[in-house]
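S.K.: First the structure, then my questions, so here it is.
Protein chains: 6
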Amino acid sequence: MRPSGRDLSEMRAVSIETGVTKHAEGSCMIEIGDTHVLCTATIEPRVPPFIKGSGLGWVTAEYGMLPRSTTSRMRREAAMGKQGGRTVEIQRLIGRSLRAGVDRVALGERQITIDCDVIQADGGTRCASITGGWVALRLAVNKLMKTGDVVSDPLVDPVAAISCGIYAGQPILDLDYPEDSEAGVDGNFIMTGTKKLIEVQMSAEGSTYSRAQMNELLDLAEKGIDELVAIQKEATNA
Amino acid sequence: MRPSGRDLSEMRAVSIETGVTKHAEGSCMIEIGDTHVLCTATIEPRVPPFIKGSGLGWVTAEYGMLPRSTTSRMRREAAMGKQGGRTVEIQRLIGRSLRAGVDRVALGERQITIDCDVIQADGGTRCASITGGWVALRLAVNKLMKTGDVVSDPLVDPVAAISCGIYAGQPILDLDYPEDSEAGVDGNFIMTGTKKLIEVQMSAEGSTYSRAQMNELLDLAEKGIDELVAIQKEATNA
Amino acid sequence: MRPSGRDLSEMRAVSIETGVTKHAEGSCMIEIGDTHVLCTATIEPRVPPFIKGSGLGWVTAEYGMLPRSTTSRMRREAAMGKQGGRTVEIQRLIGRSLRAGVDRVALGERQITIDCDVIQADGGTRCASITGGWVALRLAVNKLMKTGDVVSDPLVDPVAAISCGIYAGQPILDLDYPEDSEAGVDGNFIMTGTKKLIEVQMSAEGSTYSRAQMNELLDLAEKGIDELVAIQKEATNA
Amino acid sequence: MRPSGRDLSEMRAVSIETGVTKHAEGSCMIEIGDTHVLCTATIEPRVPPFIKGSGLGWVTAEYGMLPRSTTSRMRREAAMGKQGGRTVEIQRLIGRSLRAGVDRVALGERQITIDCDVIQADGGTRCASITGGWVALRLAVNKLMKTGDVVSDPLVDPVAAISCGIYAGQPILDLDYPEDSEAGVDGNFIMTGTKKLIEVQMSAEGSTYSRAQMNELLDLAEKGIDELVAIQKEATNA
Amino acid sequence: MRPSGRDLSEMRAVSIETGVTKHAEGSCMIEIGDTHVLCTATIEPRVPPFIKGSGLGWVTAEYGMLPRSTTSRMRREAAMGKQGGRTVEIQRLIGRSLRAGVDRVALGERQITIDCDVIQADGGTRCASITGGWVALRLAVNKLMKTGDVVSDPLVDPVAAISCGIYAGQPILDLDYPEDSEAGVDGNFIMTGTKKLIEVQMSAEGSTYSRAQMNELLDLAEKGIDELVAIQKEATNA
Amino acid sequence: MRPSGRDLSEMRAVSIETGVTKHAEGSCMIEIGDTHVLCTATIEPRVPPFIKGSGLGWVTAEYGMLPRSTTSRMRREAAMGKQGGRTVEIQRLIGRSLRAGVDRVALGERQITIDCDVIQADGGTRCASITGGWVALRLAVNKLMKTGDVVSDPLVDPVAAISCGIYAGQPILDLDYPEDSEAGVDGNFIMTGTKKLIEVQMSAEGSTYSRAQMNELLDLAEKGIDELVAIQKEATNA
């Protein structure tokens, strides 16, 4: 029934390759089907003004799509002179989600910036960015712990994200672009490795949904998160 | 237990005054406690390029805060030269939520723009904007139906929004600013008058939540939506 | 002869309601006929760099129109990414006019920002902003004097503004929008309560005027200023 | 008494050299003392959208200062990414003033843009821009009349501008920079060759003025306009 | 003598992998040592306004660096709201260089946009962008020829680019970042496969150079171009 | 053969008038045929952050064209809200070229900004800016030496620039606009008075060139530089 031939609860093939760029303190290329996102983590000693001197750390994120990551070429945001609303919304979500999984006291007064750049897009780029972004963050924090800059691990539980939706009346897991553009309802579920919820965003476009349907999607999401966290752990040798 | 002394499931006083500005096709001032938002609806014959010629209508929204709607003065976005990320995120949510309650075929090829301007802020401005925005939309559509420009009612079911959160370990309804700034988890629930879900956004900041807690908040939200829809109906004589 | 049926020297009904927003140090809603402007005053301890350390205070103003304050919807300046030329010109005039009525030594090294936001427009918004802005300023200064932060009153004489013009060959007081868009000559007159001049701006559009006509308009303006100052005093209990 | 040693009613030396750039349809360098402004007129067949098809012409102006036209270097507006408030205010005044002296029916549906670029500044740049701008406009219109594109002269009466102010308690004509920065009251007076008024702008900074003083400055201004118009006529062989 | 241990005339290892993104009409990842650039070609039916209707084609380029492609993180240009001067200069060079190798009549009235995004930087990104950009262009043109949209090959001779410089007094080929930041003179040489010159840019920073030295660098460059063109041909099976 | 009737190796008439603006520390108007550029030098005690405390000086440049310096009016960059790519590219070249001729230790920790504003354009504005810019720089440095702020002359050898190109198959010196717009190859050559090379930029547009042609142009350029340096010396009484 799905354009891809996948089962309703079947994710696309996922791979995470770490250490893909030599400059970043942590990096990975996450591929979820044909969606490819490069995630890097940068550690800096300074924090934003509003927490200066608090002893707390900060994790933030930026998101971008290469102009030809999409079927037809998008205009380059740097050339347009501003980030679009969708970009801003996504990078705020990535930052918020990753921060929810960080013990900011343990991290200490430093900032880690996660850059998520979409090399190729086929649906689910924001979820891939969070899942891959956590891997880059994990690797950067590992470095800080190896050097002794951070003593107690600030990342107690992995963070991952997956989309679910209602497509042709059926709940499905991990929407690709053809599904995403047809689904009347779709949601992004961000959870920890122990399945605690961090963020749920479920939207209907030209449609509505019931609480029962919401619960079906949450069941699917928990299955997906389990699979993603296993791959994150493997990639980071945890 | 709540700073305001309200019960856990008690909303603030809500009032909606319609017809507050003479130029707009629909308008209201919605006051939810100390949060006051002016909502206006503008009907225009043109639609965005991507649906030109489709016969479908469009509903969009813009959001702003007056510089001194807040405790300390915010910089004016027009003077800064751009809308902040939070503004962009909120106005996209308002537009998406209202569109979910519109039969775009029945509306016909025209655009209605909902402007939500916060006169005074005390938490919950995005929910107030959606609830009040729907009233302005309803009044504008009434005009179109009176003149016969629209024949079949495109607004079959009201749309309203309410926030809930976990404050000091307790689920509470309709957070004001002091609660909002302390809550570890808070969510915005957008529903129709028949309690169908349009959008759920539940975020944890420095914390997580369980599915059981999520269900408690949904229960609270349904209660709040019932109350809001009753006030919307009264305000629009429906 | 006037579209509104008013006498040549008759102002529109004027009302000033104070204390309309709970956060600002001073606020009012001024209504001059169908022109409604919300004015707020914000006190901040810092001054602009060019007077830092001088001991002098500063008063500045910002101006904006809500998108649907006008007959047809204007684009939101925050969304356009800049303030238009008219906006910049008006807010500079408001700031300059109010400063002319302030003893900046008595005010002390602090800044008061007057925000004037047009809720509904029907001509004369800049004059209403100055007249209402002075009321907000007065209320804010009252607070500073009550706490003892300011000892000697820096506002010795009220500041108010009124428009006059030549419409269908006749000098008229207080132009509304239909008159304003037809008048060949119109001017804004800013004066103190003792009728000292602060700023005169008289422009002809596609026309010219004589010194005799200019004097007739000044006579009208003095009458209008008298009425406005009486209302300002009543509103501020002075 | 004046820093320059001039009499109270004495203007600086004025010269207008025409034809200073080979590309523009009209051009001049106007020097008023040490204030030097290059004015060019560009004729284009298109008019702004709001008068398209009306048969009416349009005159508009742009103003700029070279970065080192001033005592200390100003930041280049093109590099800052926007025109400052003062620039916008001045160029709107220039355009409005020149338009007041144009018969837009006679001009026909075309636009003339006057660019006023300050090469060296010593006070009074906006007045010099209007006076020199009119000369550039006159020369451009002469070309249109020579070719027969315009038949009836749209410039029936010259337009010129001069500043006056109150300096050390005395009314003075044509303020230079040292006077301008000290004067408590200063004004710009734009008139036609027959002394009809187009625009009066009189501002007090940290001070006020009386109607009697306003009349004294107008007397001075009329004297200055007479002198400027004579020089304009000589420069354009009229 | 070189930090990398390379001979004076020895290039870094070069690899070009084609077809790296599924959406673009042509794409490659070019790696020159640790400099990695993703190049994509997008074919669009429209051309810039200035050649509309001329029957001629257009090739243009855009360039960007991922924020953490460099040793320390650069600010994202989209977030800063504009492309920096260096970016603008480089993308103009890429476009100009590639256009010089295109028969624009043969290409026909269509535009090909080459996006060059630096994934990892270690010196020589603009040269890698041109060399890789030509490969992406070649692949896109191949598609147009296969479908018969283009009949006569518009790319008669490959275009490649290489840097040379004077480092520690010696002429060297293909500067990496440590060399580039120390070299007193460096140049970029863009040539065709038959060694015809397209663009030479040789700059001294805090130094000068002689014609003899310029000729030595040109000799080196010709050697480098030979090697690059061989790799381009292999990558495109030409 | 040349549109201007000049010999292949004949430059246009060159004049440099110094001291043309009273505020700048150094200034000149350089006229190369119909290309007129006003160059000013501004000395400031501060340097850019990246060399603060190093004891080294800095020379930088900004470039602009007046809107009607060209045949048809260009849009004003300040009004467009950004400097175009060509402007940015040119001002970076001017700064880099002048810096190459400066002993930054001898200059000491101060910045000199060269503003080059094109009053009238007829080809070769960037070369005129460099040649005239050096004169303004020389005059400003003379002032610093006269006051003893700089002791050892930081400008040991003049810097000048000239364009050459291949026009109708022939190498020509100093292209004017009609030649520039037709030439298949053109280059800018920046040298010192002793003919040491600072920067060479030779581009082909829709064409290529050989090393032999490049050498012919360099021969022409050396001739032109000799003539320009003689005029620079005369203008600065060196």
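One line per chain: the protein sequences are A, B, C, D, E and F, in this order. In this text, residue positions in the first sequence follow the working numbering: the first is 25, and each later residue adds one. In this text, residue positions in the second sequence follow the working numbering: the first is 25, and each later residue adds one. In this text, residue positions in the third sequence follow the working numbering: the first is 25, and each later residue adds one. In this text, residue positions in the fourth sequence follow the working numbering: the first is 25, and each later residue adds one. In this text, residue positions in the fifth sequence follow the working numbering: the first is 25, and each later residue adds one. In this text, residue positions in the sixth sequence follow the working numbering: the first is 25, and each later residue adds one. Beta carbons: idealized from backbone N, C-alpha and C, even for Gly.
With C-beta atoms as the reference, is A259/D less than 7 Å away from A160/D?
M.R.: Going by C-beta atoms, A259/D is not nearer than 7 Å to A160/D.
S.K.: Please report whether the beta-carbon of E41/A lies at a distance below 7 Å from any beta-carbon of chain E.
M.R.: No, because no Cβ of chain E sits closer than 7 Å to the Cβ of E41/A.
S.K.: Under a three-way DSSP split, which group does G29/C fall into?
M.R.: coil
S.K.: Could you work out which residue in R120/A, Q194/A, I196/A and D250/A is closest to I154/A when comparing CA atoms only?
M.R.: R120/A
S.K.: Does the CB of L90/F have a neighbour CB from chain E at under 7 Å?
M.R.: It does not: the Cβ of L90/F has no partner Cβ on chain E nearer than 7 Å.
S.K.: Do the region 29-43 of chain C and the region 103-121 of chain C make contact, defined as three or more Cβ pairs closer than 8 Å?
M.R.: no
S.K.: Can you give me the start and stop residues for the alpha helix (DSSP H) that N261/D sits inside?
M.R.: N261/D -> no alpha helix (DSSP H), and no H or E assigned at all.
S.K.: Check each candidate in R26/F, T218/F, T59/F and H47/F and name the one with the smallest Cα separation from L90/D.
M.R.: H47/F
S.K.: For P202/C, does the three-state DSSP call read helix, strand or coil?
M.R.: Secondary structure of P202/C (DSSP, three-state): helix.
S.K.: Locate the alpha helix (DSSP H) running through S153/D, then write down its first and last residues.
M.R.: T149 to K170
S.K.: Along chain F, in chain order, which residues have C-beta atoms closer than 9 Å to that of L242/E?
M.R.: The contacting residues are R235 and M238.
S.K.: In chain order, what residues of the region 97-128 of chain F put their CB closer than 7 Å to some CB of chain D?
M.R.: Taking 7 Å as the Cβ-Cβ cut-off against chain D, the residues of the region 97-128 of chain F that qualify are R97, R100, E101, A102, A103, G105, K106 and Q107.
S.K.: Go ahead and pull the three-state DSSP assignment for P182/F.
M.R.: coil
S.K.: Tell me where the beta strand (DSSP E) around T84/A begins and ends.
M.R.: Boundaries of the beta strand (DSSP E) harbouring T84/A: W82 to M89, taken from the DSSP string.
S.K.: Give me whichever residues DSSP pairs with E41/E in a beta bridge.
M.R.: M53/E
S.K.: With T64/B as the anchor, note down where its beta strand (DSSP E) starts and where it stops.
M.R.: T59 to E68
S.K.: Count the CB pairs spanning the region 85-104 of chain B and the region 129-149 of chain B that are closer than 8 Å, and state whether there are at least three.
M.R.: yes
S.K.: Looking only at its chain, what residues have a beta carbon closer than 6 Å to the beta carbon of Q115/F, apart from the 5 residues adjacent to it on each side?
M.R.: A85, E86 and Y87
S.K.: Classify T253/E as helix, strand or coil using the three-state DSSP reduction.
M.R.: For the sequence presented, residue 253/E should be read as Val rather than Thr. In this structure, V253/E counts as helix in the three-state DSSP scheme.
S.K.: Give the secondary structure of Q269/A by DSSP, where H, G and I count as helix, E and B as strand, and everything else as coil.
M.R.: Because chain A here runs from 25 to 262, residue 269/A falls outside it and cannot be looked at.
S.K.: Are the CB atoms of L168/E and V175/E within a distance shorter than 7 Å?
M.R.: no
S.K.: Comparing C-alpha positions only, which one of R97/B, V112/B, S96/B and M98/B sits nearest to A103/C?
M.R.: V112/B
S.K.: Can you tell me the Cα-Cα spacing of S78/F and L131/F, whole angstroms?
M.R.: 12 Å
S.K.: Is the beta carbon of W158/F sitting closer than 7 Å to the one on V142/F?
M.R.: no
S.K.: Alpha carbon to alpha carbon, how far is K220/D from V180/D?
M.R.: 12 Å
S.K.: How many whole angstroms separate the CB atoms of Y201/A and G147/A, which I take to be in contact at a CB cut-off of 8 Å?
M.R.: 4 Å
S.K.: Taking just the CA atoms, how far does R92/D sit from R162/E?
M.R.: 49 Å
S.K.: Is there contact between the region 48-64 of chain B and the region 202-213 of chain B, where contact requires at least three CB pairs shorter than 8 Å?
M.R.: no
S.K.: Which chain E residues are close to L199/A, counting only those with a beta carbon under 8 Å from its beta carbon?
M.R.: In chain order: nothing, as chain E lies at least about 18 Å away.
S.K.: Can you tell me the Cα-Cα spacing of S227/F and L252/F, whole angstroms?
M.R.: Their Cα atoms are separated by approximately 23 Å.
S.K.: Which one of R235/A, T216/A, L241/A and K76/A has the shortest CA to CA distance from L122/A?
M.R.: T216/A
S.K.: Which residue marks the beginning of the alpha helix (DSSP H) containing G211/C, and which one marks its end?
M.R.: Per DSSP, G211/C is not a residue of any alpha helix (DSSP H); the beta strand (DSSP E) it occupies stretches across V209 to T216.
S.K.: Quick one: what does DSSP say S187/D is sitting in, helix, strand or coil?
M.R.: strand
S.K.: Determine the DSSP secondary structure at D141/B, reduced to helix, strand or coil.
M.R.: strand
S.K.: Applying a beta-carbon distance threshold of less than 9 Å, which residues of chain E neighbour E86/A?
M.R.: P91, R100, A102 and A103
S.K.: Looking at C-alpha atoms only, which residue of A145/E, E223/E and S39/E is the closest neighbour of D58/E?
M.R.: When C-alpha distances from D58/E are compared across A145/E, E223/E and S39/E, the shortest belongs to A145/E.
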